[in-house]
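Student: Pasting a structure below so you can have a look.
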Amino acid sequence: MKSVTVAFIGGGNMACSLIGGLLRTGYQPNKIWVSDPHREKLEKLAAQYNIHTTEHNSEALAQAEVVVFAVKPQNMQQVVTAAAAIVKAKKSLIISIAAGITISTIQTWLDFDAAIIRCMPNTPAMVSSGATALYANLHTHEEQKEIAESLMRSVGLAVWLEHEQQLNVVTALSGSGPAYFFIVMEALQQAAEELGLTHQQARLLTVQTALGAARLALETEQSIAELRSSVTSQGGTTEQGVQVLQDGGIHELFAKALQAAESKAVAMSKSFIS
Ligand SMILES: NC(=O)c1ccc[n+]([C@@H]2O[C@H](COP(=O)([O-])OP(=O)(O)OC[C@H]3O[C@@H](n4cnc5c(N)ncnc54)[C@H](OP(=O)(O)O)[C@@H]3O)[C@@H](O)[C@H]2O)c1
10 MKSVTVAFIG
20 GGNMACSLIG
30 GLLRTGYQPN
40 KIWVSDPHRE
50 KLEKLAAQYN
60 IHTTEHNSEA
70 LAQAEVVVFA
80 VKPQNMQQVV
90 TAAAAIVKAK
100 KSLIISIAAG
110 ITISTIQTWL
120 DFDAAIIRCM
130 PNTPAMVSSG
140 ATALYANLHT
150 HEEQKEIAES
160 LMRSVGLAVW
170 LEHEQQLNVV
180 TALSGSGPAY
190 FFIVMEALQQ
200 AAEELGLTHQ
210 QARLLTVQTA
220 LGAARLALET
230 EQSIAELRSS
240 VTSQGGTTEQ
250 GVQVLQDGGI
260 HELFAKALQA
270 AESKAVAMSK
280 SFIS
């Protein structure tokens, strides 16, 4: 990734993950700024990463060719509106990770045609295993898209979307997805304990099986259905277990879960339209 100066507005969990990811890819710390109202957070970040920190958003914005808005959605309007003049003067690329805030809403708050990329990362970014979807508006050029993609790839995998509305599905799938896998793991662990394993044995075997299945799916060309079929011998134990899940309507249940989460993402998005 070209070493442009990046300013993170908001130094919370997601900004920390992204800064850590950038530095692991060899990004120069003196090209990174972060602003946040909490002095103690900034002191920790400066000590850990040797990056520039400030309590004043305008100081970070004045340095940046790329601005990452990493504040909570409810703080976005105030932060974006206050940033507009500097961002316009510097023609900075805007990257927003705020859930549910559309590009047209950001555009309205900025009051000019900015290059804006919306991203939806997820919490496994904290351990460099994130899954992020990105959508760029028409004012964004190729080099800016490469910058945003490299930033997100520094904490995992990145996928481009053709339509902004798809971000609502992404929010329901990979944004909320860690919780779905946690609930599956929780259920498996509990069931194994009830069948006689210790808590620790059940936890380790459950988690490693989830990781192993995910790695197999990522590292082979086979479809997920083929992978399932290849570990399900006819008349075997897996077939018995899978049958119970299918009879219980697991596909329909996940379809309903995703529909409910997507509807909520759409509703949240509408509530932020200015
Ligand atoms: N965490 C995730 O998995 C995830 C996934 C996808 C997208 N996102 C999005 O990422 C964004 C950040 O999430 P997060 O979990 O990193 O939140 P977070 O930990 O709360 O970090 C946000 C930080 O911004 C600070 N802040 C508040 N107002 C500010 C202002 N005016 N100027 C500068 N900084 C300000 C907050 O301080 P206070 O605590 O005082 O408010 C906090 O330190 C959210 O919009 C969220 O939708 C998060």
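Note that the working numbering numbers the sequence shown so that position 47 is 56, with each residue one more than the last.
Glycine included, each C-beta is placed from N, C-alpha and C at the ideal position.
Taking 9 angstroms as the cut-off, decide whether the C-beta atoms of ALA16 and GLN86 are in contact.
Tutor: no
Student: Under 8 angstroms: does the beta carbon of MET23 sit that close to some heavy atom of ligand 1?
Tutor: yes
Student: Mind checking whether the beta-carbon of MET161 lies closer than 8 angstroms to any heavy atom of ligand 3?
Tutor: This structure does not include ligand 3; its bound ligands are ligand 1.
Student: Among residues of its own chain, excluding the 5 on either side of PRO38, which ones have a beta-carbon nearer than 7 angstroms to its beta-carbon?
Tutor: LEU32, TYR58, ASN59 and ILE60
Student: At a threshold of 8 angstroms, does GLN87 count as lining ligand 1 (C-beta to nearest heavy atom)?
Tutor: GLN87: yes, Cβ under 8 angstroms from ligand 1.
Student: For the alpha helix (DSSP H) containing GLY30, list its first residue and its last residue.
Tutor: 22-33
Student: So SER138 and GLY30 are supposed to be a Cβ contact under 8 angstroms. How far apart are they, rounded?
Tutor: Contact flag wrong, Cβ pair sits at about 11 angstroms.
Student: Is the distance from the Cβ of SER105 to the Cβ of GLU68 below 9 angstroms?
Tutor: Not closer than 9 angstroms, so no.
Student: In whole angstroms, what is the alpha-carbon distance linking LEU143 and LEU54?
Tutor: 26 angstroms
Student: Residues bridged to THR215 by DSSP?
Tutor: None, per the DSSP bridge assignment.
Student: Across the region 154-161 and the region 235-250, are there enough close Cβ pairs to call them in contact, namely three or more that are closer than 8 angstroms?
Tutor: no
Student: Over the uninterrupted alpha helix (DSSP H) stretch that includes LEU182, give me the two end residues.
Tutor: From DSSP, LEU182 is part of no alpha helix (DSSP H); its letter is neither H nor E.
Student: Count the other C-beta atoms from every protein chain shown that fall within 10 angstroms of the C-beta of ARG48, then say buried if there are 16 or more, exposed otherwise.
Tutor: exposed
Student: Curious, which full-length beta strand (DSSP E) runs of at least 3 residues does the region 107-168 contain?
Tutor: 125-129 and 139-145
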